[in-house]
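*Asks:* Numbering (my numbering) for the sequence shown: 5 to 170. We treat Cβ as the ideally placed atom computed from N, Cα and C, and that holds for glycine. The model shown is predicted, which means the values in this text are computed figures rather than measured ones. My structure is below; once you've seen it, I'll send some questions.
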Amino acid sequence: MNAKVELETPLSAGAHELVMNRILNAPPARVFNLWQDRAHVARWWTPAGENGSPGNSTILDFDFRVGGLFRVAFKSPRSGDDMIIRCVYREIVPNEKLVFSFEWEKGMSLPVDMQVTVLFTPHGEKQTLLTFRHNGMPSETMCADHEQGWAAVFDNLARAVDALQA
């Protein structure tokens, strides 16, 4: 799996950025579709369950448009606590780019000025380089924790992409 962590100081002083790259086995339009369709998102935007299989998430709100709200609930794989993530779409460029706010509504106490940017870049003829940036985390430890969570989500996304090819 292609993933790396780079720390920078985006958005506000003292904040950190998580950067991850992943090569997916489908062109950008097909990968982007998995982010804009509620039924697809419900299958892959979830932490790891037992034995690394996808866990269970519930999509509470899904309004895929600039200014639209996305909320997802799930159980923490570590503690079993209820977690809710709240996002508002800030920029949508079909097949190329997504930008959304990222806030822990329930389960974690973190700053509200976090932002996620996802780029979908053609890689060869039939693949996508997914570049993911999560800005505004207060510490390197928080970046490492989020890197584990996002890595599990992107493993699920890669499986969803591969399932489309079958």
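Ignore the nearest five residues each way along the sequence and tell me which others in L161's own chain have a CB closer than 6 Å to its CB.
*Replies:* Taken in chain order, the residues that qualify are W48.
*Asks:* How long is the line joining the alpha carbons of Q169 and M24, rounded to whole angstroms?
*Replies:* Approximately 23 Å between the Cα atoms of the pair.
*Asks:* DSSP state of K8, grouped into three classes?
*Replies:* Residue placement at K8 is poorly supported in this model, since its pLDDT is 35, which falls under 50; the coordinates still yield a value, given next. It is coil, neither helix nor strand.
*Asks:* Locate the alpha helix (DSSP H) running through W39, then write down its first and last residues.
*Replies:* Looking at the DSSP string, the run of the alpha helix (DSSP H) that includes W39 is P32 to Q40.
*Asks:* Which value, in whole angstroms, describes the spacing of the CA atoms of E129 and T62?
*Replies:* C-alpha separation (whole angstroms): 34 Å.
*Asks:* What whole-angstrom Cβ distance do V35 and L134 have, given they're in contact under 8 Å?
*Replies:* Right, the Cβ-Cβ distance comes to about 7 Å (below 8 Å), so this counts as a contact.
*Asks:* So, using beta-carbon positions, are K101 and E95 closer together than 8 Å?
*Replies:* Closer than 8 Å, so yes.
*Asks:* Classify N139: buried if its beta carbon has 16 or more other beta carbons within 10 angstroms, exposed otherwise.
*Replies:* The residue is buried, with at least 16 neighbouring Cβ atoms inside 10 Å.
*Asks:* With distances taken from CA atoms, which of F136, F158, F66 and M87 is nearest A43?
*Replies:* It is F66.
*Asks:* If you reduce the DSSP assignment to three classes, tell me which class G160 lands in.
*Replies:* Just to set this straight, residue 160 is Asn in the shown sequence, not Gly. Note: N160 maps to helix in three-state DSSP.
*Asks:* Helix, strand or coil for V165, going by three-state DSSP, please let me know.
*Replies:* DSSP places V165 in helix when its eight states are reduced to three.
*Asks:* Helix, strand or coil: which one does DSSP assign to E151?
*Replies:* Residue state, collapsed to three classes: helix.
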